[in-house]
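Student:
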Amino acid sequence: MTANFSDKYGPWGLIAGASVGLGAAFAEELAKRKLNLVLIARRSEPLKKLENELKSRYDIDIRTVALDLASPNLIEELSPHTDDIEIGMMIYDTAFHTIGAFFNQSLENHLRHIDVNCRGPLMLTYHYGGKMMQRQRGGIILMSSLSGFQGAPLLANYGGTKAYNTVLGEGLWYEMRQHGVDVMVSVSGAIETPNYIQTKPKKLSFGPGPMKPVDVARESVAALGKTHTFVPGKMYRFSSFVTTRLMPRTMAIKIMAGSTEQMYGDRNLITNPKL
Ligand SMILES: NC(=O)c1ccc[n+]([C@@H]2O[C@H](COP(=O)([O-])OP(=O)(O)OC[C@H]3O[C@@H](n4cnc5c(N)ncnc54)[C@H](OP(=O)(O)O)[C@@H]3O)[C@@H](O)[C@H]2O)c1
Numbered sequence: 001m002t003a004n005f006s007d008k009y010g011p012w013g014l015i016a017g018a019s020v021g022l023g024a025a026f027a028e029e030l031a032k033r034k035l036n037l038v039l040i041a042r043r044s045e046p047l048k049k050l051e052n053e054l055k056s057r058y059d060i061d062i063r064t065v066a067l068d069l070a071s072p073n074l075i076e077e078l079s080p081h082t083d084d085i086e087i088g089m090m091i092y093d094t095a096f097h098t099i100g101a102f103f104n105q106s107l108e109n110h111l112r113h114i115d116v117n118c119r120g121p122l123m124l125t126y127h128y129g130g131k132m133m134q135r136q137r138g139g140i141i142l143m144s145s146l147s148g149f150q151g152a153p154l155l156a157n158y159g160g161t162k163a164y165n166t167v168l169g170e171g172l173w174y175e176m177r178q179h180g181v182d183v184m185v186s187v188s189g190a191i192e193t194p195n196y197i198q199t200k201p202k203k204l205s206f207g208p209g210p211m212k213p214v215d216v217a218r219e220s221v222a223a224l225g226k227t228h229t230f231v232p233g234k235m236y237r238f239s240s241f242v243t244t245r246l247m248p249r250t251m252a253i254k255i256m257a258g259s260t261e262q263m264y265g266d267r268n269l270i271t272n273p274k275l
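Be aware that the sequence shown starts at 1, since it is given in our numbering, and climbs by one per residue.
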């Protein structure tokens, strides 16, 4: 399995947003499958810590790159670190989010959602996906969210950016598989990442609880090449089937609003800072 995986998606995997939480769990999944890694995040220290941990367990090469994925010069900043290697797998993990009413947030804040959550994955997919197309092999996972399956009140713009990733990935799944490149969108429910934990959500009285990052990463990597859109976790698969296929859309939007209101009450503006 490991040999097939690295033949198809190796020798290097690049993870955008990889120092902690889900990104770190993705790094471990690829390391287990013997891919060398390029790990990106803003802070160097957690990146170096993860590099040392992985190197102590796996015989792989690792490069760490500290940069902001919202940078307008993203490719120019990344190129010196990746031009001499073959990136056979790209995972765009990171996202910017703010929980709160749309008009309580500045336009600048909304535009940062677009830069990190849409512009970033578009640029990396275009750059590294283009090289995969030339090589006729490779894999791309774009992280998305159930909040992008219908309107997500109090997460309206974030949900919109996640819908972009879902639809972009589904379209590319069809276009790129004809050239030997697997594209998959992982559409997750809540995940117990440091980002999620720092928002201090109240426990929901309905629906599944948050998943562990290791489970989301393991299931997502295992699903690559088998489908275009994957929802990690049986319970989330079931609940998203109900909300997207069986329920009127208006009801699905209201349920999404109800869960965010229940988790965050009247604390109406929570952003994810550098942790
Ligand atoms: N957590 C949830 O409940 C949940 C639910 C559904 C979907 N998702 C999706 O899962 C993905 C990851 O979730 P998460 O946000 O909780 O993150 P995470 O994977 O736990 O951590 C985010 C990683 O990205 C890095 N990062 C954040 N902003 C960055 C930037 N602008 N440039 C470069 N690196 C950056 C962080 O390190 P630095 O801080 O050092 O930059 C960190 O390593 C996202 O796509 C999200 O939409 C999450």
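Note that the Cβ used here is the ideal one computed from N, Cα and C, for glycine as well.
#1: Taking the straight line between their C-alpha atoms, what separation do you get for valine 38 and glycine 129?
#2: In whole angstroms, what separates the C-alpha of arginine 135 from that of alanine 101?
#3: Report yes or no: do three or more beta-carbon pairs, one from the segment 178-189 and one from the segment 157-170, lie closer than 8 Å?
#4: Is the number of C-beta pairs between the segment 14-30 and the segment 86-101 that are closer than 8 Å three or more?
#5: Using the three-state DSSP reduction, which class does alanine 18 fall into: helix, strand or coil?
#6: For leucine 275, which residues in the same chain have their Cβ closer than 6 Å to its Cβ, ignoring the five residues on either side in sequence?
#7: Closest by CA to isoleucine 85, which one among Asp68, Gly189, Lys131?
#8: Threshold first: 3 residues or longer. Then list the beta strand (DSSP E) segments lying entirely within the segment 16-79, N to C.
#9: Suppose you measure from the CA of glutamate 76 to the CA of histidine 127; what does that come to, to the nearest Å?
#10: Which of the three DSSP states is assigned to leucine 155 in this structure?
#11: Out of Gly207, Thr82, Ser220, Met143, state which residue places its alpha-carbon closest to the alpha-carbon of proline 11.
#12: For tyrosine 92, write down the residues that DSSP places opposite it in a beta bridge.
#13: With the cut-off set at 8 Å, would you say leucine 172 and threonine 125 are in Cβ contact?
#14: Taking only runs that begin and end inside the segment 208-247, name each unbroken alpha helix (DSSP H) of 4 or more residues, in chain order.
#15: Proline 153 and alanine 257 - do their beta-carbons sit closer together than 8 Å?
#16: At which residues does the beta strand (DSSP E) containing serine 259 begin and terminate?
Tutor: The structure says:
#1: What you label residue 38 is simply residue 38 of the sequence shown in a count that begins at 1. What you label residue 129 is simply residue 129 of the sequence shown in a count that begins at 1. Distance between the alpha carbons of valine 38 and glycine 129: 15 Å.
#2: Here residue 135 refers to the residue found at position 135 when the sequence shown is read from its first residue. Here residue 101 refers to the residue found at position 101 when the sequence shown is read from its first residue. Going by the C-alpha atoms only, they are around 45 Å apart.
#3: Flag = yes, the segment 178-189 and the segment 157-170 touch.
#4: With the cut-off at 8 Å, the segment 14-30 and the segment 86-101 touch.
#5: Within the sequence shown, the letter at position 18 stands for residue 18. Here alanine 18 sits in coil by DSSP.
#6: The sequence position of residue 275 within the sequence shown is 275, counting from 1. Caution applies to leucine 275, whose pLDDT of 41 falls short of 50 and renders its modelled position unreliable; the model cannot decide the point.
#7: Here residue 85 refers to the residue found at position 85 when the sequence shown is read from its first residue. The residue with the shortest Cα to Cα distance from isoleucine 85 is Lys131.
#8: 36-41, 62-66
#9: Within the sequence shown, the letter at position 76 stands for residue 76. Within the sequence shown, the letter at position 127 stands for residue 127. Near 11 Å, if we compare the C-alpha coordinates of histidine 127 and glutamate 76.
#10: Numbered from 1 along the sequence shown, position 155 holds the residue referred to as residue 155. DSSP places leucine 155 in coil when its eight states are reduced to three.
#11: Numbered from 1 along the sequence shown, position 11 holds the residue referred to as residue 11. Minimum Cα distance to proline 11 is reached at Thr82.
#12: For the purposes of this step, residue 92 is taken as the residue at position 92 of the sequence shown. In the DSSP output, where bridge partners are listed per residue, tyrosine 92 has Ala16, Leu142.
#13: Stepping through the sequence shown from its first residue, residue 172 is reached at position 172. Stepping through the sequence shown from its first residue, residue 125 is reached at position 125. A contact, by the Cβ cut-off of 8 Å.
#14: With a minimum length of 4 residues, the continuous alpha helix (DSSP H) runs that stay inside the segment 208-247 are 213-223, 234-241.
#15: Within the sequence shown, numbered from 1, the residue matching residue 257 stands at position 257. Within the sequence shown, numbered from 1, the residue matching residue 153 stands at position 153. Going by C-beta atoms, alanine 257 is nearer than 8 Å to proline 153.
#16: On the sequence shown, position 259 is the one that residue 259 refers to. Note, serine 259: premise wrong, no beta strand (DSSP E); alpha helix (DSSP H) at 249-264.
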